[in-house]
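There are 2 protein chains.
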Amino acid sequence: MPKVKFLPFNEEYEALEGETLFDVAIKAGIHINASCGGTGSCNRCKVRLVSGELKGEILEGQYYKACGSYPLTDVVVEVPLTTFLDQKTLYRPVKKRAKFLELSQVDFDSPPVKEVFLKLTPPTLEENTADFNRLKEGLYKQGISEPEVSLEVLRKIPHVLRQKNFETIAYVYQALDNPKTFLLDLTAEPLDPFLGVAIDVGTTTLQVEVVDLKKGEVLGFSSDYNPQIKYGDDVISRIEFCRRDGGLKILSEVLKERLILLIKEALGSKGRLEEVKLISLAANTVMTHLFLELEPRYLREYPYVPVATEFPVFWAKDLGFTDLNALIQIAPCKASYVGGDVVGGVVASKMYEESPLTLFIDLGTNGEIVLGNQDFLVCAACSAGPAFEGGGIKHGMRATLGAIEMVNIDPYTYEPMVVTIGKTKPIGLCGSGILSLLASLFRVGIIDKSGKIKKDLIHPRIRRGEEGWEYVVVFKQDTQTGEDIVFTEADIDNVIRAKAAIFAGCQVLVESVGLSLKDIERVYLAGSFGNYLDVEDAISIGLLPDLDRDRFFFLGNTSLLGAKIALLSQEKFAKMRDIAKSMTHLELSNYPGYMETYVAALFLPHTDESLFPTIKNKKE
Amino acid sequence: MPKVKFLPFNEEYEALEGETLFDVAIKAGIHINASCGGTGSCNRCKVRLVSGELKGEILEGQYYKACGSYPLTDVVVEVPLTTFLDQKTLYRPVKKRAKFLELSQVDFDSPPVKEVFLKLTPPTLEENTADFNRLKEGLYKQGISEPEVSLEVLRKIPHVLRQKNFETIAYVYQALDNPKTFLLDLTAEPLDPFLGVAIDVGTTTLQVEVVDLKKGEVLGFSSDYNPQIKYGDDVISRIEFCRRDGGLKILSEVLKERLILLIKEALGSKGRLEEVKLISLAANTVMTHLFLELEPRYLREYPYVPVATEFPVFWAKDLGFTDLNALIQIAPCKASYVGGDVVGGVVASKMYEESPLTLFIDLGTNGEIVLGNQDFLVCAACSAGPAFEGGGIKHGMRATLGAIEMVNIDPYTYEPMVVTIGKTKPIGLCGSGILSLLASLFRVGIIDKSGKIKKDLIHPRIRRGEEGWEYVVVFKQDTQTGEDIVFTEADIDNVIRAKAAIFAGCQVLVESVGLSLKDIERVYLAGSFGNYLDVEDAISIGLLPDLDRDRFFFLGNTSLLGAKIALLSQEKFAKMRDIAKSMTHLELSNYPGYMETYVAALFLPHTDESLFPTIKNKKE
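Protein sequence lines correspond, in order, to chains A and B.
Counting in full-length UniProt numbering, the first sequence runs from 1 upward without gaps.
Counting in full-length UniProt numbering, the second sequence runs from 1 upward without gaps.
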């Protein structure tokens, strides 16, 4: 692999196959001006070739366009500096990712669906007990008593038993701590494969994994938006939609229709719907209610009571999945805003069985947080609002093609380096872009501790717009929309309120058990947003506590992982029920001192700077 | 009430309101010639008025038509005798009914569906556990743990709980020995009434009773033919029909469609479908299979194995009763031809808890017999064929309007007294008519012990027809069909084989436990046919054992009664399961000595006359 050395920083990084100089700069944390997200249209990302060979577009003299140039040999390039600068300020790792904690090695010890081989004695005139009795006796000898059976399976028993002279394979669901067992299917030849499906129903995104229940391996994956989005972006607007006549039914049905398509997509050619025997679903409490068509209204009305937090095992057919002869088990929820996604995530993280004091944060529309270890667990939901998903932000958007996911600002020129998802021209700002932008604005001193833009800075990007003061991230000639993409003081205010809600939640949770933030030994970041989170940025704006960066770990989509774990381990599914029952839940809105804690967090990074010893506003 | 004295017998009977002299004669067991079934068309039932006043049709002189004359005062009438006779022969009680054993006082101690009043504590922010948890806690305090709940009920929980500030009424199904409980419904105001439905699915007839589950009272009844009849008269032809593609589904669906109509009819204005919470069904094993759409073919293929004999409790919806939010519990069967109708009947009869040795006979297409008492129970099914339901008989028919239900033959003139159902012109012979006719033919000596017509008798009613020798029961001028109604030697042969199968079954059953027929202390006759059975006739042809007539009891439709009992008493329903498990079942076709016993019974009354000491063929 060719190496790229960047001057004047003297930093050297490898360029992987197909990576441009701009890509390598992003990896290296080198700021290069760029407004177009890396599409090659703004012509601002020029670098000078000092030595070596590049393939790419020469702009003038030895200057190449970084986003269109590939190293052919080891190269040395110089990033032109428009002004004298403190190298340390400009050079910083743009993506100081936390370690990704690999949790995918899931226990595959006791899947709730088992394949049971039976060799029954064929009936004679002397012993002609009914087929179902004969089958139940055979199962009983294998420790399975009085299974519940669907009419469909009951009806096939006589045919299947006679196919191979009363040798048969039973597919049995048996969950720990659940007295009910189910006879899911009966076949003469073993199903190959026989399958489970793990589903994460997020407010925004649906994710589906197909798992081979014989081997515990993932065979397929699919993902799509939650189609309920068109009836409301966030859980609150969807609950509102349910007040309409038939609204709840619509939300439930569009979701289930999309899920069956996703299951088919994830199956692909690897298996058929009739081979799916168990579906395991994890979702937040509102999504779980909508999935089951349970009235969600009381989730948001005082005193915030769910219809149910533990759910029976359902036949897929009863939920309208007419082509599926499978059971559906649903991760238990804790409370109205701490759902099965969080409970499943806690089990997936194993924090409940380890000694380090762990703070688990699932960042989404609401930040759900869990604190604890093997000795205790306490949780809360923070009403963070949708700012981290682009909601309530003038040019906010979801993390799709064209969304700005990273911004770095030159502390002297105030020119940004803008990176978009898919390297297309920018459309707007997604959550990670918003966070990165706010951190950058604060770091270079364009905004002050209270999030206000410094009006004395004279710069074309800093201006008074229609809705007050704003920073222009991308001018219209470089956007897809033909409009300037701006970040307003109102936007900043929204983000600060969101981060304050989460930080205050963490603080209150820690203090509720008599500890302080610095006692936290690990911070687990879950949710798909978590993956794109720059820990340094997040700490710098006071979203995450200022702890040793080595204590932060990304866990990925622990809701999906929780659903998968429940497919593969009865013990783990039982553990979810235990945790949903035993975990302490704080209602923050009602918690003494929460309001004060929240208000104190409405600064960058915080009113109490001693909480953020490593963070300094460079320009103050 | 006026009295009627019949000369020359000197017997006096009361005439009830609306009864003709013919009706009184039937009650009294007085033979009066009549071919038209009592419709007044044959003009043969003339009697002479000796004293008193009659309102009616005078035929000639003092002769009145018995079937058209009503006593206005006490009257004395003379039945004209065409020949010298032995009064004792002619005079015999035509309907020597056995006592009807009143079983309708059903235990109402522990209905499986209970109404549970709950006063739950409304939630607060400090204690905002889910509605379903709150409800389950409330139920748990009343001894009801982990009820299964339908999605429909789960969905209504939040609304119902908030109607009366968390005061609510739960309808819970809880059966003895069944670990599963069900939450059937939840209401703010008690259902009034709340209902159960008992159903007897007979091969020929469906009967439905609606029961108030608060009071244990029957509120309504309805009955109709089993609509499966048009696909086959008996169980064998219906099993055959199921070999066709979709045949089983058709039989199941027409039955269920008819049942829902019958439930509505029985409900009338007394209640609504949604107030029905439990349906209890009893049927023979084939009907149970067809109801549940279970493959019936192996019931009749060696070695005669049912798909199931014990059934889970089903949601009515899962069986296609879309308008019913109720459970369906089904009486357990013993074997392919000893069904839930018999098991339910045994429990209804209480024979299993009493000391007298009891023979329980359910006469239908197959005679099912159970022998035992509090110490043991043994059962068998006899392949009697459909003769007792009019099947396989040239002019046989079901017991409907126009069916001859009783025949008495004058031993000297060989002229019959014919009584039809509904007093209409005769159409054919139903089971009780066939039995009565055979007994009469044998008693007056028209047929011999082997069932052959005595060819040396010169009489217009005794002739060689197209299908061999026959007795003309009604000449065509008196029938509805315009054809002679005859009873052929082939018919007689069929009836003898049917009665022999049942008698031999009884004999083998008794001998299998080391006893003999004379040890039987009670004979219980069940089934709707039982009610019309003339015990004297039945003994005289060797269908029933020749025991003291006081030992015979009619029980009526014990299958329906069994279904009702299961609605009202968990203990009794559990007892059915016990009995289905513990009762010994003899496969007669395989039982050593059964064939010989059967062959010996192919005579009137039997080869071994010592078994029938009270029966004499008067003409032999």
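Glycine is no exception: its CB is placed at the ideal position from the N, C-alpha and C atoms.
Anything in chain B within Cβ reach of residue i, meaning under 7 Å, just list it in chain order.
i, result
"Ala-130(A)", "Val-305, Pro-306, Val-307, Ala-308, Thr-309"
"Thr-124(A)", "Pro-303"
"Asn-590(A)", "Leu-125"
"Pro-158(A)", "Glu-295, Tyr-298, Val-307"
Taking residue i as the reference, give the member of the options with the closest Cα.
i, options, result
"Gln-374(A)", "Met-351(A), Gly-451(A), Phe-241(A)", "Met-351(A)"
"Phe-182(B)", "Tyr-337(B), Pro-426(B), Glu-146(B), Ile-409(B)", "Glu-146(B)"
"Phe-311(B)", "Cys-333(B), Leu-324(B), Leu-267(B)", "Cys-333(B)"
"Asp-491(B)", "Asp-234(B), Arg-243(B), Gly-505(B), Gly-396(B)", "Gly-396(B)"
"Gly-29(A)", "Gly-40(A), Gly-18(A), Val-218(A), Tyr-13(A)", "Tyr-13(A)"
"Leu-213(A)", "Lys-55(A), Gly-143(A), Asp-192(A), Glu-295(A)", "Asp-192(A)"
"Gly-40(B)", "Pro-426(B), Arg-497(B), Phe-442(B)", "Pro-426(B)"
"Ser-150(B)", "Asn-165(B), Asp-185(B), Leu-161(B)", "Asp-185(B)"
"Thr-400(A)", "Thr-205(A), Glu-126(A), Asn-133(A), Leu-195(A)", "Thr-205(A)"
"Asn-284(B)", "Lys-27(B), Asp-548(B), Leu-567(B), Ile-369(B)", "Ile-369(B)"
"Tyr-304(A)", "Thr-124(B), Leu-118(B), Tyr-594(B)", "Thr-124(B)"
Strictly under 8 Å for the Cβ-Cβ distance: is residue i near chain B by that measure?
i, result
"Asp-245(A)", "no"
"His-31(A)", "no"
"Ser-610(A)", "no"
"Leu-85(A)", "Residue confidence is low: Leu-85(A) scores 49 on pLDDT, short of 50, so the model does not pin down where it sits. Its coordinate-derived value is still stated next. No, its Cβ sits nowhere closer than 8 Å to a Cβ of chain B."
"Thr-89(A)", "For Thr-89(A), the pLDDT reaches just 48, beneath the cut-off of 50, and the residue's location in the model is therefore unreliable, although a value from the coordinates is still provided. No, its Cβ sits nowhere closer than 8 Å to a Cβ of chain B."
"Asn-133(A)", "yes"
For the beta strand (DSSP E) that contains residue i, what are its first and last residues?
i, result
"Cys-382(B)", "377-382"
"Phe-6(B)", "3-7"
"Pro-80(B)", "Where Pro-80(B) is concerned, there is no enclosing beta strand (DSSP E), given that its DSSP letter is neither H nor E."
"Lys-51(A)", "The amino acid at residue 51(A) is misidentified as Lys; the sequence shows Ser. 46-51 is the span of the beta strand (DSSP E), which, as asked, contains Ser-51(A)."
"Ala-170(B)", "167-174"
"Leu-72(B)", "Looking at the DSSP string, Leu-72(B) is not in any beta strand (DSSP E), and its letter there is neither H nor E."
"Glu-405(B)", "403-409"
Strictly under 8 Å for the Cβ-Cβ distance: is residue i near chain A by that measure?
i, result
"Pro-312(B)", "yes"
"Val-513(B)", "no"
"Leu-154(B)", "yes"
"residue 630(B)", "An answer regarding residue 630(B) cannot be provided, because it is not within the stretch 1 to 620 covered by chain B."
"Phe-573(B)", "no"
"Ile-328(B)", "no"
"Glu-167(B)", "no"
Just to make sure I have the definition right: I need the residues of chain A whose C-beta is within less than 7 Å of the C-beta of residue i. Which are they?
i, result
"Asp-318(B)", "Leu-151"
"Glu-587(B)", "Leu-125"
Locate the alpha helix (DSSP H) running through residue i, then write down its first and last residues.
i, result
"Thr-285(A)", "285-292"
"Thr-39(B)", "That residue, Thr-39(B), is in no alpha helix (DSSP H); it is neither H nor E in DSSP."
"Arg-522(A)", "Here Arg-522(A) belongs to no alpha helix (DSSP H); instead the beta strand (DSSP E) covers 522-526."
"Gln-507(B)", "489-512"
"Ser-559(B)", "558-568"
Name, please, each residue of chain A whose Cβ falls closer than 8 Å to the Cβ of residue i.
i, result
"Pro-179(B)", "Glu-146, Pro-179"
Please list the partners that residue i has in chain B, where partner means a Cβ-to-Cβ separation under 9 Å.
i, result
"His-459(A)", "Chain B residues near His-459(A): none, gap ~49 Å exceeds 9 Å."
Please list, in chain order, the chain A residues whose beta carbon lies closer than 9 Å to that of residue i.
i, result
"Leu-292(B)", "Leu-151, Leu-154, Arg-155"
What I want to know is whether the C-beta of residue i ends up closer than 7 Å to one or more non-hydrogen atoms of the ligand GTP.
i, result
"Ile-502(A)", "The model on display carries no ligand, and the ligand GTP is accordingly not part of it."
Check whether the stretch 509-517 of chain B and the stretch 326-334 of chain B touch, using three or more Cβ-Cβ pairs below 8 Å as the test. no
State whether the stretch 60-69 of chain B contacts the stretch 42-51 of chain B, with contact taken as three or more CB pairs (one from each stretch) at a distance under 8 Å. Result yes; three or more Cβ-Cβ pairs closer than 8 Å.
Can you confirm whether the stretch 479-493 of chain B touches the stretch 450-462 of chain B when touching is taken to mean that 3 or more C-beta pairs between the two stretches lie within less than 8 Å? yes
Check whether the stretch 533-545 of chain B touches the stretch 245-263 of chain B, counting contact only when three or more Cβ pairs, one atom from each stretch, lie closer than 8 Å. no
I want to know whether the stretch 520-527 of chain A touches the stretch 551-570 of chain A - three or more CB-CB distances under 8 Å. yes
At least three beta-carbon pairs within less than 8 Å, the stretch 377-388 of chain B to the stretch 581-593 of chain B: yes
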